[in-house]
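Residue numbers (numbering that gives the first Met the number 0), protein chains in the order written: chain A, 0 to 240; chain B, 0 to 240; chain C, 0 to 240; chain D, 0 to 240.
Note that the Cβ used here is the ideal one computed from N, Cα and C, for glycine as well.
There are 4 protein chains.
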Amino acid sequence: MKDTIRVTVWNEYRHEKTNEKIAKLYPDGIHGAIANYLKAQPGMEVRTATLDEPEHGLTDEVLNNTDVLTWWGHMAHGEVSDAVVDKVHARVLSGMGLIVLHSAHFSKIFRKLMGTTCNLKWREIGEKERLWVVEPGHPIAAGLGEYIEIEHTEMYGERFDIPQPDTLVFISWFAGGEVFRSGCCFHRGAGKIFYFRPGHETLPIYHHEGVLRVIANAVRWAAPAGGPKPTFGNVKPLEKV
Amino acid sequence: MKDTIRVTVWNEYRHEKTNEKIAKLYPDGIHGAIANYLKAQPGMEVRTATLDEPEHGLTDEVLNNTDVLTWWGHMAHGEVSDAVVDKVHARVLSGMGLIVLHSAHFSKIFRKLMGTTCNLKWREIGEKERLWVVEPGHPIAAGLGEYIEIEHTEMYGERFDIPQPDTLVFISWFAGGEVFRSGCCFHRGAGKIFYFRPGHETLPIYHHEGVLRVIANAVRWAAPAGGPKPTFGNVKPLEKV
Amino acid sequence: MKDTIRVTVWNEYRHEKTNEKIAKLYPDGIHGAIANYLKAQPGMEVRTATLDEPEHGLTDEVLNNTDVLTWWGHMAHGEVSDAVVDKVHARVLSGMGLIVLHSAHFSKIFRKLMGTTCNLKWREIGEKERLWVVEPGHPIAAGLGEYIEIEHTEMYGERFDIPQPDTLVFISWFAGGEVFRSGCCFHRGAGKIFYFRPGHETLPIYHHEGVLRVIANAVRWAAPAGGPKPTFGNVKPLEKV
Amino acid sequence: MKDTIRVTVWNEYRHEKTNEKIAKLYPDGIHGAIANYLKAQPGMEVRTATLDEPEHGLTDEVLNNTDVLTWWGHMAHGEVSDAVVDKVHARVLSGMGLIVLHSAHFSKIFRKLMGTTCNLKWREIGEKERLWVVEPGHPIAAGLGEYIEIEHTEMYGERFDIPQPDTLVFISWFAGGEVFRSGCCFHRGAGKIFYFRPGHETLPIYHHEGVLRVIANAVRWAAPAGGPKPTFGNVKPLEKV
Chain A
0 MKDTIRVTVW
10 NEYRHEKTNE
20 KIAKLYPDGI
30 HGAIANYLKA
40 QPGMEVRTAT
50 LDEPEHGLTD
60 EVLNNTDVLT
70 WWGHMAHGEV
80 SDAVVDKVHA
90 RVLSGMGLIV
100 LHSAHFSKIF
110 RKLMGTTCNL
120 KWREIGEKER
130 LWVVEPGHPI
140 AAGLGEYIEI
150 EHTEMYGERF
160 DIPQPDTLVF
170 ISWFAGGEVF
180 RSGCCFHRGA
190 GKIFYFRPGH
200 ETLPIYHHEG
210 VLRVIANAVR
220 WAAPAGGPKP
230 TFGNVKPLEK
240 V
Chain B
0 MKDTIRVTVW
10 NEYRHEKTNE
20 KIAKLYPDGI
30 HGAIANYLKA
40 QPGMEVRTAT
50 LDEPEHGLTD
60 EVLNNTDVLT
70 WWGHMAHGEV
80 SDAVVDKVHA
90 RVLSGMGLIV
100 LHSAHFSKIF
110 RKLMGTTCNL
120 KWREIGEKER
130 LWVVEPGHPI
140 AAGLGEYIEI
150 EHTEMYGERF
160 DIPQPDTLVF
170 ISWFAGGEVF
180 RSGCCFHRGA
190 GKIFYFRPGH
200 ETLPIYHHEG
210 VLRVIANAVR
220 WAAPAGGPKP
230 TFGNVKPLEK
240 V
Chain C
0 MKDTIRVTVW
10 NEYRHEKTNE
20 KIAKLYPDGI
30 HGAIANYLKA
40 QPGMEVRTAT
50 LDEPEHGLTD
60 EVLNNTDVLT
70 WWGHMAHGEV
80 SDAVVDKVHA
90 RVLSGMGLIV
100 LHSAHFSKIF
110 RKLMGTTCNL
120 KWREIGEKER
130 LWVVEPGHPI
140 AAGLGEYIEI
150 EHTEMYGERF
160 DIPQPDTLVF
170 ISWFAGGEVF
180 RSGCCFHRGA
190 GKIFYFRPGH
200 ETLPIYHHEG
210 VLRVIANAVR
220 WAAPAGGPKP
230 TFGNVKPLEK
240 V
Chain D
0 MKDTIRVTVW
10 NEYRHEKTNE
20 KIAKLYPDGI
30 HGAIANYLKA
40 QPGMEVRTAT
50 LDEPEHGLTD
60 EVLNNTDVLT
70 WWGHMAHGEV
80 SDAVVDKVHA
90 RVLSGMGLIV
100 LHSAHFSKIF
110 RKLMGTTCNL
120 KWREIGEKER
130 LWVVEPGHPI
140 AAGLGEYIEI
150 EHTEMYGERF
160 DIPQPDTLVF
170 ISWFAGGEVF
180 RSGCCFHRGA
190 GKIFYFRPGH
200 ETLPIYHHEG
210 VLRVIANAVR
220 WAAPAGGPKP
230 TFGNVKPLEK
240 V
């Protein structure tokens with residue numbers, strides 16, 4: 000592994016520009032809140048990118064120099080260009096880590112990587128959530144207690160229409176009666192993907208120490224490990240046949 | 000489970016029409032060889048569909064009355080219409096079984112469901128393959144010995160760029176020095192998918208008793224089980240919050 | 000698969016003999032309640048066995064003629080002889096299905112098969128449980144709605160110290176704030192194991208239609224599929240080396 | 000994660016003392032060959048322990064100060080005391096990493112953790128093995144090419160009677176016609192386990208750069224991550240019921 004992980008924090012960055020309450024909660028945008036936390040971590044080099052920049056801020060130069068990309072989107076999934084989605088997809092398959100946050104379950108990139116609808120149940124009444132760690136030996140659970148509690152949150156409930164995760168790290172309990180697979184690890188191609196449920200534009204979820212710590216852990220876990228670059232296509236036999 | 004499994008055997012059906020040797024090997028087409036075997040199984044109702052029929056033979060009426068679809072394609076993946084692929088995709092996610100055969104690893108429908116390139120190594124020198132059963136308790140291995148041997152086959156080698164299967168049933172050994180995850184089970188949505196490697200247009204693979212038996216087993220395993228139809232979207236709390 | 004599944008329903012059968020309230024709830028014992036339901040299923044041949052019978056009712060003759068064994072125990076795990084546990088263990092590895100119910104998470108046989116402590120959190124205040132189906136395509140979810148609700152139950156909470164299940168079918172929500180992986184599928188050797196959480200001696204859980212249906216589904220899923228009997232030890236090469 | 004990983008390299012250390020050829024191949028014992036390589040890695044503090052030391056060199060003091068234990072045994076599995084096995088088992092479940100090498104598939108500790116026989120096929124004719132990387136994004140594959148080749152080795156063949164690994168990293172091809180799941184990751188309790196096939200007492204496998212690199216990678220992967228210590232037993236509700 001390289002010494003420094005180059006992280007790009009991507010954010011749709013629309014809610015913050017149109018809603019005063021949200022702007023106040025995230026004065027630097029949701030990307031700013033996440034990036035500021037990650038910048039304080041040892042060994043991370045952090046930049047941000049947003050939807051309304053040219054190429055959504057994800058030029059070839061940026062993508063080729065990103066080890067882990069975090070993704071938050073909600074109201075404008077449809078405005079993300081297919082060309083950029085295809086590039087991000089190719090980068091993940093060739094080894095870039097991807098951290099998919101909250102409502103980005105419905106982003107084009109996550110759905111393309113999962114192959115399923117990624118649909119779920121939801122409700123916005125600010126109820127309580129408790130994320131239980133079910134795989135305590137996993138590095139994404141480093142430094143946590145047995146659960147993370149979020150006093151007021153949007154609910155996401157099962158059935159969450161995703162492939163069975165390679166490793167399930169968190170299961171959420173919600174006051175209203177639902178459960179959710181909230182922390183899901185996937186290998187896809189040479190890349191690693193972590194879906195992490197918490198996060199909302201009108202709630203201070205991305206100021207929550209536990210949530211931020213999980214994101215930082217996930218960035219470390221998803222960083223490229225330096226394995227082989229598979230080759231494909233027609234090959235000669237390695238043995239006499 | 001219903002008493003009868005309605006199977007649709009889909010085939011590209013091009014090689015057989017243009018190459019005399021292949022036509023002789025599969026006088027009823029590859030679909031015919033597979034369908035004839037399945038028709039002799041108890042509890043299966045079998046029809047076929049091919050690329051050059053209107054809507055590739057996969058009309059709404061056909062798809063809505065198919066419990067398990069088997070898919071063989073090779074030279075004309077690109078000619079399968081996206082509209083039909085989208086319909087098949089939706090049907091799998093809502094419960095239809097899908098058996099993906101050999102070179103259909105590169106079919107639009109399999110790649111869309113997997114979210115990865117599904118690329119691999121290959122070689123056509125007619126070498127020997129031995130498929131080892133690595134999960135002997137799985138119903139897809141019913142009636143088999145410890146391995147299936149295929150005297151002359153096309154080689155497919157790792158890295159096979161797919162998500163880790165939910166269950167890995169077969170691993171292939173090839174004389175030329177490669178290995179391959181040859182029998183892979185996946186849940187996607189409410190549907191079950193089985194990728195099965197053997198099969199080639201110029202070789203009598205679909206006349207091989209072991210190969211045909213696995214396809215029949217896989218059809219039974221992938222048949223819809225009658226579970227719940229998940230609902231999605233905004234929901235009221237089930238508990239007082 | 001054979002036409003008839005031979006099921007042995009095993010029960011510790013102690014609570015029912017010493018506690019009047021429990022005896023009234025389960026006049027034929029917990030095993031009786033489960034066996035009566037299974038007997039009404041097509042294609043099942045059902046017998047029972049209990050701790051205080053000679054060899055706990057699990058003689059070689061019984062075990063060798065059992066396709067699927069269901070196991071309930073609670074207060075007397077330690078009284079189950081190691082010799083019988085070793086025999087059951089060997090039978091599971093050679094293909095017999097095993098359904099592990101509720102407090103049998105702490106049975107010798109389940110712990111031996113899992114290799115972990117199988118420990119968990121618990122509480123007996125008769126709170127509400129809701130078991131969400133998270134893998135709707137799995138045959139164990141056949142005939143169910145999106146969740147099973149149990150009005151009054153003992154709580155089991157994560158961390159449940161088991162290996163990651165091969166397939167996770169149910170996750171429970173509890174009123175008191177916990178979650179639990181309540182329906183867990185495992186392949187071990189040639190056998191299939193299903194752990195199912197609900198069930199308690201002082202509550203009518205084994206009269207609950209949804210719970211009983213899951214047990215019957217699990218019996219069908221866990222029945223031996225007729226795959227190969229692996230051989231082990233020193234072997235000659237299959238190819239010229 | 001702590002800065003330094005404390006590794007204990009355990010070896011049966013019998014073959015080397017009784018067989019001149021083996022002694023010449025591994026003058027410091029197999030443990031010496033492995034330990035010497037690991038000592039040269041940044042951030043590893045390495046000691047060794049062997050069967051014939053008091054408590055097999057695995058005193059409480061040693062175990063409590065071991066982050067990752069590597070285990071090689073072959074002819075004397077039965078001489079490892081059950082008390083020590085129980086202690087190692089408990090340490091793994093509470094977070095210590097365990098690397099299980101070659102013939103240690105039959106060690107008491109591995110079989111206890113897996114819950115299965117861990118049996119396999121084998122043959123000693125010094126044939127060729129090729130270990131293919133099937134999960135190139137996994138950290139255990141760091142720095143490797145697409146495969147590792149071992150010119151002369153003992154063969155291990157499927158069916159390998161283990162639970163399905165959480166992640167399968169390597170599959171071996173053997174000249175004699177078999178395949179093997181050669182690099183298998185498991186979570187058990189809070190601990191991580193890696194089974195790695197290569198290695199033999201009469202062959203210079205533990206002088207092979209690729210093999211040693213995998214062992215070093217595995218040590219890093221298996222090191223405790225600092226997650227929560229689960230608590231078990233009776234608990235009060237976290238919510239008003």
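The distance from the Cβ of D/Leu-24 to that of D/Pro-135 is about 32 Å, inconsistent with a contact at the 8 Å cut-off. The three-state secondary structure of C/Val-83, taken from DSSP, is helix. Non-local C-beta neighbours of D/Ile-139 in its own chain, meaning closer than 8 Å and more than five positions away in sequence, comprise Val-168, Gly-182, Cys-184, Phe-193, Val-213, Asn-216, Ala-217 and Trp-220, ordered along the chain. Pairing C/Arg-122 with D/Pro-229 gives a Cβ-Cβ distance that is not under 8 Å. In summary, A/Thr-115 is buried, with 16 or more beta-carbon neighbours lying within 10 Å of its beta-carbon over all protein chains present.
Using a CB distance cut-off of 8 Å, C/Lys-191 does not count as an interface residue toward chain D. At least one CB atom of chain C sits nearer than 8 Å to the CB of A/Glu-157.
Apart from sequence neighbours up to five positions away, the residues of its chain that approach A/His-101 with a beta-carbon distance below 7 Å are Trp-71, Arg-196, Pro-197, Gly-198 and His-199, ordered along the chain.
If you look at B/Lys-235, you'll find it isn't in any beta strand (DSSP E); DSSP assigns it neither H nor E.
At a cut-off of 8 Å between beta-carbon atoms, A/Met-113 makes contact with chain B. Under the 10 Å beta carbon count, D/Asn-10 is surrounded by 16 or more other beta carbons and is classified as buried.
Among the residues of the segment 139–151 of chain C, those with a Cβ less than 9 Å away from any Cβ of chain B are Ile-139, Ala-140, Ala-141, Gly-142, Leu-143, Gly-144, Glu-145, Tyr-146 and Glu-148, in the order of the chain. For C/Arg-122, the closest Cβ of chain D is nearer than 8 Å. A/Val-83 does not reach chain D, its nearest Cβ partner there being about 22 Å away, counting only Cβ pairs nearer than 7 Å. A Cβ-Cβ distance of about 13 Å is found for the pair A/Val-8 and A/Ala-39, leaving them out of contact under the 8 Å criterion. For D/Ile-192, the uninterrupted beta strand (DSSP E) run begins and ends at 190–195, by DSSP. Just so you know, the alpha carbons of D/Ala-75 and D/His-104 end up roughly 13 Å apart.
C/Glu-78 and C/Ser-106 have their alpha carbons spaced roughly 10 Å apart. Under the three-pair Cβ rule at 8 Å, the segment 10–20 of chain B counts as touching the segment 49–64 of chain B. Within 7 Å of the CB of B/Glu-177, no CB atom of chain C is found; the nearest one sits about 14 Å away.
Rounded to whole angstroms, the separation of the alpha carbons of B/Pro-227 and B/Leu-68 is 21 Å. No Cβ-Cβ contact shorter than 8 Å links A/Glu-60 with A/Thr-3. As the crow flies, the alpha-carbon of B/Thr-201 is around 29 Å from that of C/Pro-236. Residues of chain D with a Cβ closer than 9 Å to the Cβ of B/Arg-129 are, in chain order, Gly-176, Glu-177 and Val-178.
DSSP places C/Lys-228 outside both helix and strand once states are collapsed to three, so it counts as coil. In this structure D/Asp-85 is exposed. Its beta-carbon is surrounded by fewer than 16 other beta-carbon atoms within 10 angstroms. Counted as a single uninterrupted DSSP element, the beta strand (DSSP E) harbouring C/Thr-166 occupies residues 166–173. Where D/Glu-60 is concerned, there is no enclosing beta strand (DSSP E), although the alpha helix (DSSP H) around it starts and stops at 59–63.
Taking 8 Å as the cut-off, the Cβ atoms of C/Thr-152 and C/Glu-126 count as close. The three-state secondary structure of B/Leu-100, taken from DSSP, is strand. Interface annotation for the segment 75–104 of chain A against chain D: Gly-94, criterion Cβ-Cβ distance under 8 Å.
Residue pairing by DSSP places D/Leu-130 opposite D/Ile-147 and D/Ser-171 in a beta bridge. Annotated three-state conformation of A/Ala-141 is coil, per DSSP. Look at A/Ile-21 here: in three-state DSSP terms it is helix. Linking A/Ala-141 to D/Gly-225 through their CA atoms gives a straight-line distance of about 5 Å. D/Gly-190 is a Cβ neighbour of D/Leu-97, given a cutoff of 8 Å.
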